[in-house]
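Quick notes on the structure that follows.
Residue numbers (this note's numbering): 113 to 595.
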């Protein structure tokens with residue numbers, strides 16, 4: 113029983129989703145929010161306890177040529193599991209006041225359906241991160257896609273039918289590209305396991321094709337430059353609680369998967385493409401960051417910022433150094449903390465101020481909404497890498513990982529210089545947005561959010577501070593695993 117506990121913990125949120133979908137019409141929204149928050153918190157608490165004792169892996173099924181399926185918690189995925197747990201749990205509570213306003217706008221009342229889809233969404237993310245097998249990972253990948261698509265379709269803004277379909281098609285193309293690589297891998301090797309890392313020698317001449325398919329599929333899911341088109345639409349027009357999961361949590365999982373799968377399996381092949389990956393990463397950082405300055409819609413501004421933050425994660429991975437990769441995983445955590453707080457703050461503006469999203473109509477908001485302004489500042493500090501936020505360590509480690517390239521000639525020096533410049537871009541657009549929205553001349557009187565909207569954001573933000581004050585709990589296992 114004890115050995116199988118991790119499997120039961122992973123399945124718990126799926127059970128909660130079934131209960132809320134089945135009898136949600138008879139349950140109070142706050143009760144379902146609490147139940148959903150508990151379902152998200154338990155996997156994170158379990159992971160933390162297991163990391164204290166060195167990690168966890170439980171094989172729950174051996175399926176012949178498909179390999180072994182197991183629940184996996186170790187130094188590499190621990191920051192990702194923690195981030196999903198923290199954000200999903202807090203945003204569950206935030207959903208009640210936000211979705212009450214959204215249901216009034218839509219003229220409907222679908223609490224059971226909403227919470228069932230919401231819980232299924234974050235449950236699938238836990239499943240992806242804790243999988244050790246391509247088939248198992250792909251099943252959870254598709255399980256995450258369906259509820260997120262429906263949440264945008266049912267409760268989104270603007271032309272939600274078109275936008276949800278764009279989101280579905282783009283991300284499904286990435287998933288199918290990834291699946292094709294996985295199928296070739298499994299059919300040749302006779303197993304779909306990717307951890308513990310098997311020998312890929314039998315793939316021989318097919319190895320470059322498999323590595324390319326896996327890599328391209330994950331880069332589409334990550335929304336890097338060139339395959340990012342869907343992200344600003346989906347993240348801006350999704351209901352804000354879903355934006356708070358889509359932007360910081362879902363797309364970053366592709367960065368984790370890139371380390372766990374193609375990098376671990378085909379390191380020499382990816383190393384030969386290092387300069388290409390670095391170029392894509394830098395283009396993503398600068399493209400997303402510079403376009404932030406042009407946005408007039410607050411949620412779209414945050415969506416372009418997410419593109420830039422994925423560029424930083426890819427920079428850390430493409431450094432191919434333990435410090436750089438550790439920085440990428442910490443950046444996942446820092447981005448999850450910061451961006452979920454920022455999207456939640458945008459949601460306060462929307463629900464409490466008659467759907468206001470146009471930054472040109474804001475200005476001076478801090479006078480009327482001091483708590484929202486303070487939380488937004490903390491969110492921007494986390495993604496900017498400013499102390500005392502955990503983002504300080506993530507950006508520092510990425511920079512140290514890239515620094516090793518400086519000794520490799522002019523190209524390495526150029527990359528290092530561009531990364532140094534890019535590290536100033538996030539603070540620049542962050543404080544540009546702060547000034548535009550929260551300071552300067554006031555255009556009108558704004559209404560502050562209630563405790564049910566502010567306290568979940570404050571709870572998320574507190575974990576960013578705790579991770580800065582006690583970095584060893586996350587950094588220690590991560591560096592130990594990578595080395």
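We treat Cβ as the ideally placed atom computed from N, Cα and C, and that holds for glycine.
Beta-carbon separation (whole angstroms), residue i vs residue j, contact threshold 8 Å
i: residue 132; j: residue 224; result: 6 Å
i: residue 489; j: residue 458; result: Actually they are not in contact, since the Cβ atoms of residue 489 and residue 458 sit about 14 Å apart, beyond 8 Å.
i: residue 208; j: residue 145; result: 5 Å
i: residue 283; j: residue 257; result: 6 Å
i: residue 541; j: residue 417; result: 7 Å
Span separating the alpha-carbon of residue i from that of residue j
i: residue 217; j: residue 560; result: 20 Å
i: residue 128; j: residue 150; result: 10 Å
i: residue 502; j: residue 494; result: 6 Å
i: residue 253; j: residue 237; result: 7 Å
i: residue 546; j: residue 317; result: 52 Å
i: residue 487; j: residue 585; result: 25 Å
i: residue 597; j: residue 396; result: Residue numbering for the chain in the displayed model covers 113 to 595; residue 597 lies beyond these limits and cannot be assessed.
i: residue 455; j: residue 564; result: 15 Å
i: residue 472; j: residue 327; result: 39 Å
i: residue 554; j: residue 123; result: 49 Å
i: residue 581; j: residue 588; result: 14 Å
i: residue 574; j: residue 305; result: 37 Å
i: residue 153; j: residue 233; result: 14 Å
i: residue 408; j: residue 391; result: 28 Å
i: residue 190; j: residue 244; result: 14 Å
Identity of the residue in the options nearest residue i by Cα
i: residue 460; options: 353, 280, 149; result: 353
i: residue 157; options: 175, 194, 423; result: 194
i: residue 171; options: 394, 420, 115, 321; result: 115
i: residue 227; options: 250, 430, 201, 185; result: 201
i: residue 453; options: 123, 206, 324; result: 206
i: residue 437; options: 511, 479, 468, 576; result: 511
i: residue 591; options: 558, 509, 568, 531; result: 509
i: residue 117; options: 146, 144, 185; result: 185
i: residue 351; options: 213, 543, 421, 448; result: 213
i: residue 422; options: 572, 246, 340; result: 340
i: residue 88; options: 571, 386, 400; result: This structure cannot settle anything about residue 88, because the visible part of the chain is limited to 113 through 595.
i: residue 371; options: 434, 125, 388; result: 434
Simplified DSSP state of residue i, which is helix, strand or coil
i: residue 226; result: helix
i: residue 409; result: strand
i: residue 269; result: coil
i: residue 355; result: helix
i: residue 361; result: helix
i: residue 433; result: coil
i: residue 171; result: strand
i: residue 501; result: coil
i: residue 592; result: helix
i: residue 558; result: coil
Residue i: CB within 8 Å of a non-hydrogen atom of the ligand ZN
i: residue 529; result: For the structure depicted, the ligand ZN is absent and the ligand set is empty, with no information on it obtainable.
Sequence-distant residues of its chain with Cβ nearer than 8 Å to residue i (five each side left out)
i: residue 323; result: 293, 374, 377, 378, 381, 382
Contact set for residue i: own chain, Cβ-Cβ below 7 Å, skip 5 residues either direction
i: residue 356; result: 199, 203, 452, 455, 456
i: residue 425; result: 364, 367, 440, 443, 444
Cβ shell of residue i (< 6 Å), same chain only, five flanking positions each side left out
i: residue 347; result: 355, 358, 359, 415
Beta carbon proximity, residue i to chain C, threshold 9 Å
i: residue 134; result: Chain labels in this structure do not include chain C; a single protein chain is all it has.
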